[in-house]
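*Asks:* Residue numbers (this note's numbering): 204 to 999.
C-beta atoms are modelled at their ideal positions from N, C-alpha and C, and glycine is treated no differently.
Note that the coordinates shown come from a computational prediction; the quantities given were computed from them, not determined experimentally.
Before I ask anything, here is the structure I am working with.
Right under this line is the structure:
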């Protein structure tokens, strides 16, 4: 018998073989089917095989070589929508094949008839016409002679599998196209997948990394963090995020943001770990640059002496620097509360002006500076100069730069007042000159008239005229004193003596309802001036005080030495730095109204009734004080009184002036005590020496502990306290303290160190020091601590 498909003849009950290794005995074919006589010989065995085939989950169909179905199991009927008995006798082409796949089906049948098996995917249809994919394995049935007798097809629907494969393909495409590094690992940490994003970020290919651990990627400092994160997911945590470092193939250290999540099987068991990593190196660098830029911007804004304000077109104040908040009296809390707006700080009369400025900023990006006023938290008005600009080309946001004009306005008023005074002085000088020309012949003529008219009545009349003319001449002298300045002989004047003489006059002539008091420093400096003129200055001020207290009150006179520094003189244009004798004349009278305070020193200006004042008293006082190089300040409060303070340049030495400046600073002074300063830094020793000597101490220096021991051994009876650094070469502070205590157990020691931690302080105190000052220390800290150590105050 001829072999078919290279197989030897087999018994008819040996069915074909296929990939699932299921043996089938065919059902009897119809009477006209080829090979039917042989197949009908084994009915009992056929029934057994049919029963077994009905139990499996695959669709099993057997056909003859013509394609007629001779057997179909139960699952084939369910799959294709036919009862198995109705399928038998029908062509396989009619039962399962779609119109689109008919040509492919005929080609497969032709291949099978040639004895070649076929396995693959195929699109079929069921009885209702639904088309779906199946996976089919076709093999052969041979008769006892080895001749090809039939075909067995085993199929299983793969619709869900195909959908899953499509979803996986889409997912794989997404994973591969991602810029992030996406990799999978099993529970042992071995890499099972590696996408192109991982290749781009780390530089390794999938062939280099799949099957390996991620050890080459993890720097030593991040190993513990990586192990802990992997274990958290392996133990069941759903997701874990961390920002960390990774190494690339070329050795670069990069910043990555990593998300780890579990990979689970169909039963929910964790079988691996998925890792998604994003390279954030540039993002972190940009963020760091942004933070640094914002920090620099904030420092720039806060270091600006001008006020800086960020606003929104809605009127909200978005931000402001500390200079502006201080200018208006607001706090950062007021701003952070979010309730501060443009309306809160602007008087209503400036609304139109501000509206035009905002429109100009929106149109042109900036607006020209203009003057207006802001309202402080307490309601006071602050004159300002403001300029605005747009922020980041946003038409509804802007920044304003504000300059406080308060001091400038004061200076402008002072300047205008000075100009007015100069103008009045010029005018007054001209008038006084003309009056002198008028009065001179009158006075001379009166002398002649007195000689030519000896009668008593005439003499009385002429005496009256002479008195009036002389009074007019005195007024002219006052006008000239104001107009041309005061000239006179300058001598050394002891203000204490001058004030005592004046006090006697005041107490004798002023009403008894005015209580007069004098306070004066015992070591008051002298001044260089005209005693008569200085007497007139104080007397004029006392007379003004008397007139301000018609019902009585207290007149307080005080004198003291002061030294004015640059800070004070910067706010007082008439003052200059240096030593002064300060004379205060204060009353408890009615006070001077604010609206006329700027005019009280003008000549001929008076608030007194006609005949009770000439308006030249204070103007003459001002002229005399200025001619002596001094100045006057005025303080007054309605209903509480007025205080005039006269500053006259003192006639003293620089050393005495320095002593007063030190006392005025409020820092504790020494009394000639000797201080041993021990420090290996030249600069520290020198600044300590200068500071201590300025404040009344004597100082001896040592550059290290060994040198300090030698100095202290020679002068320990004079040394009041030792100030020593704790860390020095040759002999450090603790060793020095031991050596000093061996010489004098009662020695007073102040420790100093740049190490301000508890360890440094404990080391100093443990070595037996009385006090400790951290470096760098201020003069206040040093002098206060030194005074406490010397005076034996309890250490803090």
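Do you know offhand how far residue 903's Cα is from residue 876's?
*Replies:* If you take the alpha carbons of residue 903 and residue 876, they lie about 11 Å apart.
*Asks:* Is the CB-CB distance between residue 463 and residue 443 below 9 Å?
*Replies:* In contact: residue 463 and residue 443 (Cβ atoms closer than 9 Å).
*Asks:* Out of curiosity, what's the CA-to-CA distance linking residue 432 and residue 466?
*Replies:* Using only the alpha carbons, I get a separation of about 15 Å.
*Asks:* Taking only three categories from DSSP, how would you classify residue 758?
*Replies:* In this structure, residue 758 counts as strand in the three-state DSSP scheme.
*Asks:* Considering only their Cβ atoms, is the gap separating residue 762 from residue 740 smaller than 9 Å?
*Replies:* Taking 9 Å as the Cβ cut-off, residue 740 and residue 762 do not qualify as a contacting pair.
*Asks:* Since residue 275 is in the beta strand (DSSP E), which residue starts that stretch and which ends it?
*Replies:* 272-275 is the span of the beta strand (DSSP E), which, as asked, contains residue 275.
*Asks:* If we require 4 or more residues per run, which alpha helix (DSSP H) segments fall completely within the region 305-363?
*Replies:* You should have 305-316.
*Asks:* Determine whether the beta carbon atoms of residue 378 and residue 396 lie at a separation below 9 Å.
*Replies:* Cβ distance < 9 Å, so residue 378 and residue 396 count as in contact.
*Asks:* Using CA coordinates, which residue listed in 950, 648, 481, 388 is at the minimum distance from residue 436?
*Replies:* Answer by Cα proximity: 388.
*Asks:* With burial defined as no fewer than 16 other Cβ atoms inside 10 Å of the residue's Cβ, what is the status of residue 716: buried or exposed?
*Replies:* With fewer than 16 Cβ atoms within 10 Å of its Cβ, residue 716 is classed as exposed.
*Asks:* Evaluate residue 251 with the Cβ neighbour count: other Cβ atoms within 10 Å of its Cβ, from every protein chain shown; 16 or more gives buried, anything less gives exposed.
*Replies:* Exposed, by the Cβ-count rule.
*Asks:* Against chain C, with Cβ distances strictly below 9 Å, would residue 374 count as a contact?
*Replies:* The structure shown contains no chain C, having only a single protein chain.
*Asks:* How close, in whole Å, do the beta carbons of residue 802 and residue 839 come, if the pair is a contact with beta carbons under 8 Å?
*Replies:* Actually they do not touch by this definition, with Cβ atoms about 13 Å apart.
*Asks:* Nearest by alpha-carbon distance to residue 398: which of 381, 585, 414 is it?
*Replies:* Taking only the C-alpha atoms, the option nearest residue 398 is 381.
*Asks:* At what residues does the beta strand (DSSP E) containing residue 265 begin and finish?
*Replies:* Start and end: 262-266.
*Asks:* Which partner residues of residue 854 appear in the DSSP bridge assignment?
*Replies:* Per DSSP, 729.
*Asks:* Which value, in whole angstroms, describes the spacing of the CA atoms of residue 327 and residue 301?
*Replies:* Distance between the alpha carbons of residue 327 and residue 301: 6 Å.
*Asks:* Please classify residue 821 as buried or exposed, where buried requires at least 16 neighbouring CB atoms within 10 angstroms.
*Replies:* When all chains shown are included, residue 821 counts as buried.
*Asks:* Could you say which of 531, 702, 563 lies nearest to residue 578 if we only look at CA atoms?
*Replies:* Out of 531, 702, 563, 531 has the C-alpha closest to the C-alpha of residue 578.
*Asks:* Ignore the nearest five residues each way along the sequence and tell me which others in residue 734's own chain have a CB closer than 8 Å to its CB.
*Replies:* For residue 734, where only same-chain residues beyond five positions count, the Cβ hits under 8 Å are 694, 696, 701.
*Asks:* If we count the other Cβ atoms within 10 Å of its Cβ and call it buried at 16 or more, is residue 518 buried or exposed?
*Replies:* Under this definition residue 518 is an exposed residue.
*Asks:* Could you pull out every residue in the same chain whose Cβ sits closer than 6 Å to the Cβ of residue 234, ignoring the five residues on either side in sequence?
*Replies:* With a pLDDT of 43 at residue 234, under the threshold of 50, the modelled position of this residue cannot be trusted; read the value that follows with caution. Closer than 6 Å at Cβ, skipping near neighbours: no residue.
*Asks:* Exposed or buried, which one is residue 788 when buried takes at least 16 other CB atoms within 10 Å?
*Replies:* Counting Cβ neighbours within 10 Å, residue 788 comes out buried, since at least 16 surround it.
*Asks:* Can residue 934 and residue 954 be called in contact, C-beta distance under 9 Å?
*Replies:* Taking 9 Å as the Cβ cut-off, residue 934 and residue 954 do not qualify as a contacting pair.
*Asks:* Secondary structure at residue 986, three-state DSSP: helix, strand or coil?
*Replies:* In the structure shown, residue 986 sits in a helix (DSSP, three-state: H, G or I).
*Asks:* Identify whether residue 404 lies in helix, strand or coil by the three-state DSSP scheme.
*Replies:* Of the three classes helix, strand and coil, the one that applies to residue 404 here is helix, per DSSP.
*Asks:* Could you tell me the alpha carbon to alpha carbon distance between residue 391 and residue 471, rounded to whole angstroms?
*Replies:* Residue 391 and residue 471: Cα-Cα distance of roughly 18 Å.
*Asks:* Output yes or no for whether 9 Å exceeds the beta carbon distance between residue 833 and residue 852.
*Replies:* Against a cut-off of 9 Å, the Cβ pair of residue 852 and residue 833 comes out as a contact.
*Asks:* With three or more beta-carbon pairs closer than 8 Å as the criterion, would you say the region 542-551 touches the region 570-584?
*Replies:* Verdict: yes, contact present.
*Asks:* So, does the region 911-921 touch the region 939-947, judging by three or more C-beta pairs under 8 Å?
*Replies:* They touch, by the three-pair rule.
*Asks:* Using a threshold of 9 Å, state whether the C-beta atoms of residue 337 and residue 282 are closer than that.
*Replies:* A contact, by the Cβ cut-off of 9 Å.
*Asks:* Note down the Cα distance separating residue 959 from residue 900, rounded to an integer number of angstroms.
*Replies:* Caution is warranted here: a pLDDT of 43 is assigned to residue 959, below 50, making its placement in the model unreliable, and the coordinate value is therefore given only provisionally. Those two C-alpha atoms are separated by around 26 Å.
*Asks:* Please list the segments of the alpha helix (DSSP H) lying wholly inside the region 504-589, counting only runs of 4 or more residues, in order along the chain.
*Replies:* The qualifying runs are 525-531, 535-539, 554-567.
*Asks:* Would the region 751-766 count as touching the region 716-733 if we require 3 or more Cβ pairs under 8 Å?
*Replies:* At 8 Å Cβ cutoff, the stretches touch.
*Asks:* Assign residue 736 to buried or exposed, taking buried as 16 or more other Cβ atoms, counted over all protein chains shown, within 10 Å of its Cβ.
*Replies:* Per the 10 Å Cβ criterion, buried.
*Asks:* Could you give the residue range of the alpha helix (DSSP H) that holds residue 738?
*Replies:* 734-750 is the extent of the alpha helix (DSSP H) around residue 738.
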